[in-house]
Ligand SMILES: [Zn+2]
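Residue numbers (the working numbering): 725 to 1030.
Here you go:
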């Protein structure tokens, strides 16, 4: 059983995977009314196409998010991907995108037990509600030709971000036509290739993931002649740095990235200016610690207030 991602988790995942996302107003609280079915146990992702290259307008996004069609109100997807590569977040909650479909396909998705890197699934009869089980992405293209390169990059990274969050493989991604025999989408996008490309992204890992830099070791006597004040400063900074690397995993992606960048810039600048490795690392650690400590303090304070 996997709970659907919260809006905060979606945003963190989009940033972590460098997805060129945009937020359509209201997406964080948008979803189909609960009385139309649950959205509490998700298992996979469905890729769709809108069937039109023309529908790149804001009016079309409003149609997908809110208006919908007679008998099928919005939201009609969780995300939509434009030909220029923008990926719009449309709805955090349940969306009317998949409709009735095959329980045989859903079981293959849950068990990730099919030859999905070589072939596409043939759906069985429509007998389950796909909207309860899948996230959906409407790729805004005609489907008669391949997606644009930017569009394909955005939608594969979106899929990788969600699979990574839930710990799923790329076999948790299907095309709408694998869910139901009623549908042809996502057009000329072979889903075995799509899954293979997402699997490669997952193997490479998140592009924006930052690892704590290696903790510098205390200065050795033979590094260079250091006076006692220098040694104390280095040792203090290393301690401060060791503290924040311990709680590194609690930080938000942006703070990690900012700290990492500050560390690397300061280290490079100190080295360029002729500092020894240990002095450069201590100075870099000092900069990085100064960035993350206020954020950590705010986080701890917020936790106390909850
Ligand atoms: Zn579809």
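A virtual CB, placed ideally from N, CA and C, is assigned to each residue, including glycine.
CB contact flag (residue i, residue j, <8 angstroms)
i	j	result
residue 785	residue 812	yes
residue 918	residue 880	yes
residue 876	residue 766	no
residue 795	residue 825	no
residue 925	residue 884	yes
residue 999	residue 958	no
residue 994	residue 1004	yes
residue 878	residue 744	yes
residue 916	residue 840	yes
residue 890	residue 726	yes
residue 882	residue 803	yes
Strand pairing of residue i, partner residues [DSSP]
i	result
residue 804	812, 862
residue 745	811
residue 767	None, per the DSSP bridge assignment.
residue 897	769
residue 796	793
residue 776	Per DSSP, none; premise fails for residue 776.
residue 826	850
Reference residue i; option with closest CA among the options
i	options	result
residue 761	842, 886, 837, 820	820
residue 894	909, 842, 864	842
residue 931	800, 730, 829, 742	742
residue 1009	991, 1000, 997	991
residue 1015	987, 1003, 855, 996	987
residue 798	744, 822, 1012	822
residue 862	730, 897, 800	800
residue 908	985, 889, 783, 770	770
residue 913	783, 888, 897, 810	897
residue 831	852, 817, 733, 739	852
residue 756	779, 814, 780	814
residue 856	995, 882, 828, 758	758
residue 817	729, 953, 929	729
residue 833	927, 997, 768, 792	768
residue 828	763, 892, 808, 850	850
residue 810	985, 753, 748	748
residue 1013	960, 732, 808, 955	960
residue 806	793, 788, 792	788
residue 808	874, 954, 889	874
Check: residue i C-beta below 7 angstroms from any heavy atom of ligand 1
i	result
residue 793	no
residue 909	yes
residue 890	no
residue 772	yes
residue 900	yes
Near ligand 3: residue i beta-carbon under 7 angstroms from a heavy atom
i	result
residue 769	The model on display carries ligand 1 but not ligand 3.
**Report entry** contact_flag[the segment 888-903, the segment 828-847] where n(CB pairs < 8 angstroms) is 3 or more
**Finding:** yes
Report task. Assess, as a yes-or-no matter, whether the segment 769-779 is touched by the segment 860-869 under the definition of 3 or more beta carbon pairs within less than 8 angstroms. Result -> yes
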